[in-house]
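First residue of the sequence shown: 13, per this note's numbering; consecutive thereafter.
Following: one structure in structure tokens, then a few remarks.
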Amino acid sequence: MNHQTTDANEASTESLSLKEKAALLSGRDFWSAAPVPGVPSIVMVDGPHGVRRQEGTADNLGFHSSMPSTCFPPGTALGSSWDPDLVEEVGRALGREARALSVNVLLGPAINIKRSPLCGRNFEYLSEDPLVTGVLGAAYVRGVQSQGVGASVKHFAANNQETDRMRVSSDVDERTLREIYFPAFERVVRDSDPATIMCSYNRINGTYASENRWLLTDVLRTEWGFRGAVVSDWGAVSNRIAALKAGLDLEMPGTDGATVAEVIAAVEDGSLASEYVDASAARIAALQRRTALGDDETAFDADEHHALARRAAASSIVLLRNENNTLPLQPGNAVAVLGEFAAKPRYQGGGSSHVNATRVDVPLDELRRALGEDRVHYAPGYGSAGTVSNAALLRTEATDLARGADISIVFVGLEEKEESEGFDRANLDLPADHVALIQAVASVSARTVVVLSNGGVVILEPWHDRVDAIVEGWALGQAGGGAIADVLTGRTNPSGRLAETIPCRLNDTASFINFPGEAGHVRYGEGVLVGYRFHETVGVPARYPFGHGLSYTTFSYSNLSARSVGLDEATVEVTVTNTGDRVGADVVQMYVGAPAGPVRTPARELRAFRKVTLDPGESRTVTFDLDRRAFAYYDITDHRWAVTPGRYSIEVGRSSRAITSRSTITLDGDAGRPSPLSLTSTVEEWFTHPVVGPLLIEGITASLTEEQRQAAEGMQDGLKMAYSMPMNQFAKFPGVTIPLESLHQLIEASKEPSFQ
Ligand code: BGC
13 MNHQTTDANE ASTESLSLKE KAALLSGRDF WSAAPVPGVP SIVMVDGPHG VRRQEGTADN
73 LGFHSSMPST CFPPGTALGS SWDPDLVEEV GRALGREARA LSVNVLLGPA INIKRSPLCG
133 RNFEYLSEDP LVTGVLGAAY VRGVQSQGVG ASVKHFAANN QETDRMRVSS DVDERTLREI
193 YFPAFERVVR DSDPATIMCS YNRINGTYAS ENRWLLTDVL RTEWGFRGAV VSDWGAVSNR
253 IAALKAGLDL EMPGTDGATV AEVIAAVEDG SLASEYVDAS AARIAALQRR TALGDDETAF
313 DADEHHALAR RAAASSIVLL RNENNTLPLQ PGNAVAVLGE FAAKPRYQGG GSSHVNATRV
373 DVPLDELRRA LGEDRVHYAP GYGSAGTVSN AALLRTEATD LARGADISIV FVGLEEKEES
433 EGFDRANLDL PADHVALIQA VASVSARTVV VLSNGGVVIL EPWHDRVDAI VEGWALGQAG
493 GGAIADVLTG RTNPSGRLAE TIPCRLNDTA SFINFPGEAG HVRYGEGVLV GYRFHETVGV
553 PARYPFGHGL SYTTFSYSNL SARSVGLDEA TVEVTVTNTG DRVGADVVQM YVGAPAGPVR
613 TPARELRAFR KVTLDPGESR TVTFDLDRRA FAYYDITDHR WAVTPGRYSI EVGRSSRAIT
673 SRSTITLDGD AGRPSPLSLT STVEEWFTHP VVGPLLIEGI TASLTEEQRQ AAEGMQDGLK
733 MAYSMPMNQF AKFPGVTIPL ESLHQLIEAS KEPSFQ
């Protein structure tokens, strides 16, 4: 087995007995690891967007209460900020709160890819794109860990739905895992050295993540260099011994000693080598040392953190539509605020991430504060589920207000109970009474603004064209009310961008026919074509594409230049200018499109981005350094990243759809580095191999008479028909007969290091 521990780690646990070491590998209770002599207990709590520290009855589904802490914007919002500096700052504050609440490890970030907009936990996740997810996930970990608190990067891996989440097998081909579902984890591991990784509940291609040695050891530790501890999701271990052998260090929560006894018995009867126990115990001891707290932790500054939560929320709001500069609101406008969410905001989701907020900003109050009590009038327009018998009356009251106002702001969205851990959504629709309110208001109001509160995206079609402005307000955390007021009034210039596509219909989404699977399996049949990769490649229109987001100012791009450097690397520069009349932040998005090659690639993929704040008229040149991976696909035959030789397009734009500048670069790729041949490589692969091909032709023609040679030349085209044949079959055909021995020699020639 692979010993990943250091001498120092070994030293701290070598004096422990087998019983003590085994005790370290399973939780003491719901939220802590068992203490043993020299290794105090470690407290681990959720996560990701607040510290959910429970004092009384414990649970991981958000039923019982927890100590007050700041509810920062959930992942869906932070993902839309496209701002790693901001996310790192939030991470620092989370780490600070964790310390104050005596927490050693915070269970976040949650960095699963949003494969389907229906996933019940999309409100916790960052994006449908691995780069956005990875860059922001790494920033979060840096922030949390800067405070001496460990992060737990979850849920590894291919956990992209809630339906049957504890048993389902995510059936995903390796290329798709490597290109879509792994890169964010890989980036976080390589860039920010997380203290722990949490393995997911589900199976991957039939094997539980918790028992998957390829996943937890070969890929995570050996390939990516992960140095921390692997923790199970709560209740994700089905076979403790198999899990230990796979590389799962700590089982959470504990099982009242049952699995500790199993581990001891397995070592004693020889079915489990003691090295597994030693290695994992050493990792837990190292985790404890790395995340140890002092006895004198002080309280966090709730006001300061609330202010940060407000700033972060404001940077995450996405202005989707703003016809005729409807927003920002003009001073003196008479405003009708409609919809119960304005007074009872929806700001987080259900389940283990549920935070007991220190306070909650109410959008209506914040708007009144900003615009003046007398300028803002309110009607609920609909009622919380179960209380409505007078829907029509509520709507009439709202439309009466809307008629008399200069502008109406309609707050609609999904209730918290609709979006939660543990189940997926059934559709992407807003509640019918919310839609009815929008329609009714839009038909009488001078101007209508819709503010959405939702964790995952919703369909806008039935009413989209009837309203003047749409503000995607996500689940914004406890200070969302203030942040919405900041954006509506123009105090903050919106700068969020969609980190996930808003489709026109659920049926238009890539995973539609394969979500959430059946008979215990979910087939990731769309492969790498997830989210915008699908829409852009297949040409399926979206209501709002990935990357979209408006501002109260305007930006232009110029002087795009791209040049290749080194071995299949590139440097790209582009100048962005604020062409409007107010300060604003833009997100420069850079996409790469690959030439046709041996695998089908998406039309374009986001390969770099940067958020920049510019004064009116100011320009800035942004430089992106692209490494080889930005151009590579994962070659499942050779188990390596490969680059197709040829011309790549380099594109900058306002979204995955609205590309405004284009350039190209040409890369040598793997032209000079062909794969080694085998007997089952095709005739084409043999004949076109740069070294072996000519040798092969020479060998064959050498034995021919002049007449036969001329005939063979005439048959060159005919050879194409045999191109797809494996060489071992072709070589035996009458009239061909290439000796096996010669083939073996040529195979060796194809392995020459200079050609790898
Ligand atoms: C969730 C994890 C969470 C854990 C502890 C599980 O149900 O999937 O995200 O960290 O519970 O609450």
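Note that beta-carbon positions come from the ideal geometry of N, C-alpha and C, so glycine has one too.
Short Cβ contact (8 Å threshold) for residue i with residue j
i	j	result
G259	R215	no
F435	S465	no
I393	G467	Here the sequence assigns Gly to residue 393, which means Ile is not the residue at that position. Taking 8 Å as the Cβ cut-off, G393 and G467 do not qualify as a contacting pair.
L440	L518	yes
S769	D245	Because the chain here runs from 13 to 768, residue 769 falls outside it and cannot be looked at.
A487	Y359	yes
L758	L707	yes
Q804	A321	Since the first and last residues shown for the chain are 13 and 768, residue 804 lies out of range.
A348	L413	yes
L113	S81	yes
D677	A608	First, the residue type needs correcting, since residue 677 is Ile and not Asp in the sequence shown. No, the Cβ-Cβ distance between I677 and A608 is not below 8 Å.
V289	K31	no
A169	F135	no
G87	G155	no
L332	E191	no
L90	S328	yes
Y390	L405	no
A410	L341	no
G162	T208	yes
S432	G363	yes
V51	L37	no
V99	Y137	no
Top-ranked residue by Cα proximity to residue i, from the options
i	options	result
F558	P343, S139 and I648	S139
L689	K126, E725, M739 and I450	M739
R669	D245, L510 and L143	L510
V611	R111, L626 and T656	T656
L572	V588, P628 and R104	V588
D480	A454, W43, T625 and G240	A454
Q814	L472, E431, T613 and L256	Residue 814 lies beyond the range of the chain shown here (13 to 768); nothing can be said about it.
E309	D261, A285, R104 and E109	E109
M178	W94, L341, A221 and P86	A221
K429	H366, I123 and I296	H366
F84	Y390, V102, N337 and R659	V102
R302	S53, G532 and S673	S53
V704	R685, Q722, V55 and D520	R685
R640	K623, G730, L626 and V604	V604
W236	A346, V201 and S250	V201
T370	H318, A403 and L350	H318
Q173	C131, I209 and V153	C131
W43	G493, V63 and G551	V63
V624	Q720, S563, A417 and D315	S563
V599	W653, R622, S687 and V275	R622
G494	T408, A354, N251 and V388	A354
Y660	A606, E335 and T713	A606
S507	P515, C516 and I496	I496
G711	L731, P265, I750 and T700	I750
L339	D682, V695, D498 and L626	D498
Anticipated Cβ contact below 8 Å, residue i with residue j, distance rounded
i	j	result
Q601	G561	The Cβ separation is near 10 Å, so there is no contact.
E512	A522	Their Cβ separation, rounded to whole angstroms, is 12 Å, which puts E512 and A522 out of contact at 8 Å.
T566	P628	With a Cβ gap of about 10 Å, T566 and P628 do not count as contacting.
G120	E263	Contact doesn't hold; Cβ gap of about 20 Å is too wide.
N590	E630	5 Å
Sheet register partners of residue i (DSSP bridge)
i	result
K623	V599
E263	S38
G162	V117
N590	F567
E581	V577
R387	DSSP, once it has assigned bridges, lists no residue as partnering R387.
V48	V51
L562	L331
W653	Y646
D58	L119
Y193	DSSP output for Y193 lists no bridge partner at all.
A150	Beta-bridge pairing links A150 to no other residue.
S673	V664
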